[in-house]
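What follows is a set of notes on a single structure, which appears directly below.
2 protein chains.
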Amino acid sequence: MKKILIVDDDSEFRTSLSCLLKEAGYYTCTVPSGKNAIKKVTSENFDIAIVDVIMPGMSGINTLIELRRLSPKTQVIMITGFPAIEDTVDAIKKGACDYISKPFKSEELFFKVRRAIEKAGIEQCQDKLDINQTLDSLVNPLRRYILKLISSRTNMRLTEITRGLDIADHTKVIFHLKLLKEAGIIEQDNDDRSYALTPEGKKVLDCLRIMENYLSE
Amino acid sequence: MKKILIVDDDSEFRTSLSCLLKEAGYYTCTVPSGKNAIKKVTSENFDIAIVDVIMPGMSGINTLIELRRLSPKTQVIMITGFPAIEDTVDAIKKGACDYISKPFKSEELFFKVRRAIEKAGIEQCQDKLDINQTLDSLVNPLRRYILKLISSRTNMRLTEITRGLDIADHTKVIFHLKLLKEAGIIEQDNDDRSYALTPEGKKVLDCLRIMENYLSE
DNA sequence: CCTATTTGTAAACTTTTCTTCACAAACTAC
DNA sequence: GTAGTTTGTGAAGAAAAGTTTACAAATAGG
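Protein chains in written order, with numbering that gives the first Met the number 0: chain W, 0 to 216; chain F, 0 to 216.
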C-alpha cells in the first residue's frame, strides 16, 4: 500500500484530502506543519508528500527542500490556493514533482498522485549504483556474508542474521547493516524491522557472483 | 627469453651446461653454491633453476627448499651423478619439478627444460585470484586509475605513472604499486624497473570493467 | 666526475574502518 | 507489571589503510 504524507495547516482541508485518498486505497498520514513533516519522514518512509505552499512557520518551499534532502525517494506534490507561475517554477526547480492548484477535482488529484507514484517507481529502479560505494560494500567479508544470507531468505530480522553468521555481538552486525542501508543495498521494513535486498542490492550481489565465477575460472 | 639459473659446485660442468643452454637460446646464470643461488633469486627472477643434489655446504635439497620458498614460480630441476630413488622422491615432494641423472644426453636436458617452462607457464596462469585480494586492490580509486593507466600502455615506469595521474608525491604511488605487486596484479621488470599487468592483473581489470558496465546499465 | 633525476625505504602521522562496551527504548511472554 | 528478548545509539578504542616526510641508493646526462 502506497504511503502519502499530507502537510497542511488547514485542518479541515487536511482531513478531507486524507479521506479522499484513503477511500482511493492509499495509506495517509497528516501533519499540520513543515516541522512536523520533517520529523515524520525521519522515522517513516513515504512514497508521496502533498505539501501546501502557504503555511505559517516553515514555508512550503522550505519544507519541500528539507523533504527532498531527507527522503529523496519521496515524490513531493505542492498544492496552493493562489497559483503563481514563479512559485510553480521555483518549486519544480527545488525538486517538486508536480503542482496542484485549489480548487481541484478529485480526478485531477488521483491522476497526479498515480503519476507521482509511477515516477517514484522508475526513479527507484534508476538509482545509479556508484562503483565506489559498491566496492566499499563488497570489500568487507562480513558484509558479503550478510548480503548472501539476506538474499537466501527474504526479510530477515537482526537476530536471525546475527545467529546465522554466528556472531556474538549484535552491534557489530548493526554497524554493517547500517553501511549497507546507507549504500542503498539493503532496506529495512519500518513495521517488522526486517532487512531485505533492494533492487540495487540484488544487482550488487549479482556483481559479486559474476566476479567470483570469473576469478575461479 | 627464458632465464635459467645453474647451481653446481663443479665449475667445469657448470660451464658446459651453461654453453649448451645458451646455444639453445636460453639466458643462463651460473652460481657455485646454494648460498649464492639464494642470493641471486632475491634480486632476479628465473624461470628455471637446475640444481646439483650433491654440493658441499648447503645441500641441493636445502637449496631446493629455499628456492621454492623465495621464488615459487621458478621451476627447479634437480641433477645428480648418483641417482637414488629415495632422493628423487624426496626432491619431488619438496617441490622439484623434475630430476636428471648424469650422464645425460642434451636432448633429454632440452626436453625436460622445455617441459618445465611449459609447466611454469601453466602454473602462472592458474595462480588463483582470491576475491578478498581482488576487491582490496579495486576499492581504492587511485589503484583503479593505476591499473587502467598501466593497462593502456605496457611497461610504464614509476615517473610515467606518477605524472600520468598528476600526483605530486611519488612515494604515494609506490605505496599502491607495492600493494598491487604483492597481490600479484602487477609485476615489475628487474632490469628497467617498469611495471606491467600480470595475467591475473588483466583478469582483475576485466572484472572491474564488467562491474562498471553492469552497474551503469 | 659531478649533478640531477629516478626509484626506493622507513618511520611518523592522519584518516578511515571496524570492534567493543555501556546503556536504553520497545516490544513479548508470563 | 516485570523479566527477558530484540533492536538500537553513542562513544571509546583498536586496527587497518593511506599519506607525508626525511633520507638514501642507483642511474643517467652533461
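Backbone N, C-alpha and C fix where the C-beta goes; we use that ideal spot for every residue, glycine too.
Using a Cβ cut-off of 7 Å, pull out every chain F residue sitting near residue i, in sequence order please.
i, result
"L137 (chain W)", "L134"
"C96 (chain W)", "Simply none; closest approach about 25 Å."
Quick one: which chain W residues come within Cβ less than 7 Å of residue i?
i, result
"I130 (chain F)", "M210, E211 and L214"
Just curious, the alpha helix (DSSP H) that residue i is in, first and last residue?
i, result
"K104 (chain F)", "K104 (chain F) -> no alpha helix (DSSP H), and no H or E assigned at all."
"E181 (chain W)", "H169 to E181"
"E43 (chain F)", "From DSSP, E43 (chain F) is part of no alpha helix (DSSP H); its letter is neither H nor E."
"I160 (chain F)", "L157 to G163"
Provide the residue span of the beta strand (DSSP E) that contains residue i, from first to last.
i, result
"S100 (chain W)", "D97 to S100"
"V203 (chain F)", "Looking at the DSSP string, V203 (chain F) is not in any beta strand (DSSP E); the run it does join, the alpha helix (DSSP H), is P198 to L214."
"L4 (chain F)", "K2 to V6"
"T29 (chain F)", "Y26 to V30"
"I130 (chain F)", "Here I130 (chain F) belongs to no beta strand (DSSP E); instead the alpha helix (DSSP H) covers I130 to V138."
"I166 (chain W)", "Counting along the chain, I166 (chain W) falls outside any beta strand (DSSP E), and DSSP gives it neither H nor E."
"I185 (chain W)", "I185 to Q187"
When the distance is taken between beta carbons, is residue j closer than 8 Å to residue i?
i, j, result
"A119 (chain W)", "K72 (chain W)", "yes"
"K2 (chain F)", "D46 (chain F)", "yes"
"E299 (chain W)", "I37 (chain W)", "Residue 299 (chain W) is absent from the model: chain W starts at 0 and stops at 216."
"N154 (chain F)", "E43 (chain F)", "no"
"V172 (chain F)", "L148 (chain F)", "no"
"L146 (chain W)", "G183 (chain W)", "no"
"I76 (chain W)", "D51 (chain W)", "no"
"L63 (chain F)", "A90 (chain F)", "yes"
"E181 (chain F)", "A195 (chain F)", "no"
"V203 (chain F)", "S136 (chain F)", "yes"
"M54 (chain W)", "D8 (chain W)", "yes"
"S17 (chain W)", "V40 (chain W)", "no"
"K93 (chain W)", "T79 (chain W)", "no"
"I5 (chain W)", "T29 (chain W)", "yes"
"T27 (chain W)", "K34 (chain W)", "no"
"V138 (chain F)", "L164 (chain W)", "no"
Identify whether residue i lies in helix, strand or coil by the three-state DSSP scheme.
i, result
"L20 (chain F)", "helix"
"Y194 (chain W)", "strand"
"T73 (chain F)", "coil"
"D51 (chain W)", "strand"
"T79 (chain W)", "strand"
"T62 (chain W)", "helix"
"R114 (chain W)", "helix"
"T153 (chain W)", "coil"
"G94 (chain F)", "coil"
"G56 (chain F)", "coil"
"K34 (chain W)", "helix"
"D9 (chain W)", "coil"
Could you work out which residues of chain W lie near residue i, taking near to mean beta carbons separated by less than 8 Å?
i, result
"P218 (chain F)", "For residue 218 (chain F) there is no data in the structure shown, the boundaries of chain F being 0 and 216."
"C18 (chain F)", "Here the premise fails: no neighbours, minimum Cβ distance about 42 Å."
What does residue i reach in chain W if we use C-beta pairs closer than 9 Å?
i, result
"C28 (chain F)", "In chain order: nothing, as chain W lies at least about 35 Å away."
Is residue i close to the ligand ADP? I mean its beta-carbon at under 7 Å from any heavy atom of the ligand.
i, result
"S150 (chain F)", "Looking for the ligand ADP in the displayed structure turns up nothing, as the structure carries no ligands at all."
* Taking three-plus beta-carbon pairs below 8 Å as touching, is the segment 166-186 of chain W in contact with the segment 139-146 of chain W? -> yes
* Asked: Is it true that the segment 198-209 of chain W meets the segment 201-215 of chain F, where meeting means three or more beta-carbon pairs spaced less than 8 Å apart?
  -> yes
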